[in-house]
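A quick write-up on the structure given underneath.
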Amino acid sequence: MSYEMTALLMKCKAADYEFLVAQVDSYVNFSSDKELTCLLSAYQALKTDKRKLELSQILEREIRYLGSSEIAYAYRKYVKGNEFGGVSAAEIVSDVSKKLKIKQKTLGTLEAKVERLVKYAAEKTFFSLTSEQQRELFTKAGVGKGKQEELLDKLKQNKARFLPLLLSILGPEITAIIVQSLAVSAIAAFIGRKAAEELIKHLATRFPWWAEWLGPIVWGLSLAWLALDLQSAASRKTIPILLYLGIVGLRDGPVEGDKFWEDAE
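Just so you know, this note's numbering puts the end of the sequence shown at 422, numbered straight through with nothing missing.
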């Protein structure tokens, strides 16, 4: 089984790796997340391409482990001698998509599919906000009251046109920032307050208004659309990890180009 996520993971910055490793490295398992922590420290000390590649490859192994049961992982790795004891990346994306009730295209790259996770998680999160929270989000993003009212009025008529309307009225730059903000809110619902505070603190160094808006929103947000069975540790980890990787992927623009913003679910 070959590497499937490493190309996307190589787009991560040091702080991104720190977040992802923190999600993986939290309980004892058949895999070796201590090795991952050591690789992260080594990369933070000296950021070379070789260390980044090694960190990305081991991180992929650990993420794929999360989507596998302990027994199945041990069997594949130690009995069958499979370097990747975990499930395939495609299986993890499929599982997360089903849990979030998000339809995926049959064809498409891994990066395109995790970007779609972000797209629909953002849309569903937006409609979980109160009208006051929606307006506050737009205000913090620099959207004037006139455009806010125009957008909200049109959304009342057709909620299915959320992203196309955002794009046509607000433009690609503001739309991308709003989508990422909403996705971070969804991530925070899974990772807990302490981890979410650290994530928001990191984001604040790049987008100061995010911390100002996201903090109060996240703690008071009830994501009704996340009516999921999250008793398993895997779901609580794989969902925020893939959403975060979708945000990483969107930084240099969606794989699908402009069609990403226009395509309906």
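Quick reminder that beta carbons are idealized off the backbone N, C-alpha and C, glycines included. Model, not experiment: these values are computed from the prediction.
{"Item": "Specify whether the stretch 281 to 300 and the stretch 335 to 348 touch according to this definition: at least 3 beta carbon pairs, one from each stretch, less than 8 Å apart.", "Value": "yes"}
{"Item": "Which class does T266 belong to by DSSP, given the choice of helix, strand or coil?", "Value": "coil"}
{"Item": "Under 7 Å from any heavy atom of the ligand PLP, does the C-beta of K168 make it?", "Value": "By its list of ligands, the structure shown contains no ligand whatsoever, and the ligand PLP lies outside what it can speak to."}
{"Item": "Keeping to the same chain, check which residues put their C-beta closer than 7 Å to that of S213; ignore five residues upstream and five downstream.", "Value": "T163, L166 and M167"}
{"Item": "Note down, in chain order, each residue of its chain lying with its Cβ closer than 8 Å to the Cβ of P329, except the 5 sequence neighbours on either side.", "Value": "W418"}
{"Item": "D173 and V405 look like a contact to me (Cβ under 8 Å); what is the Cβ gap, rounded to whole Å?", "Value": "6 Å"}
{"Item": "Quick check on R408: does DSSP put it in helix, strand or coil?", "Value": "coil"}
{"Item": "Return the CA-CA distance between A246 and Y401, expressed in angstroms with no decimal places.", "Value": "15 Å"}
{"Item": "Return yes when the Cβ of V275 is within less than 8 Å of the Cβ of T395, no when it is not.", "Value": "no"}
{"Item": "From the DSSP output, in three-state form, read off E161 for me.", "Value": "coil"}
{"Item": "Report the CB separation of A298 from I331 in whole angstroms; it is logged as a contact under 8 Å.", "Value": "5 Å"}
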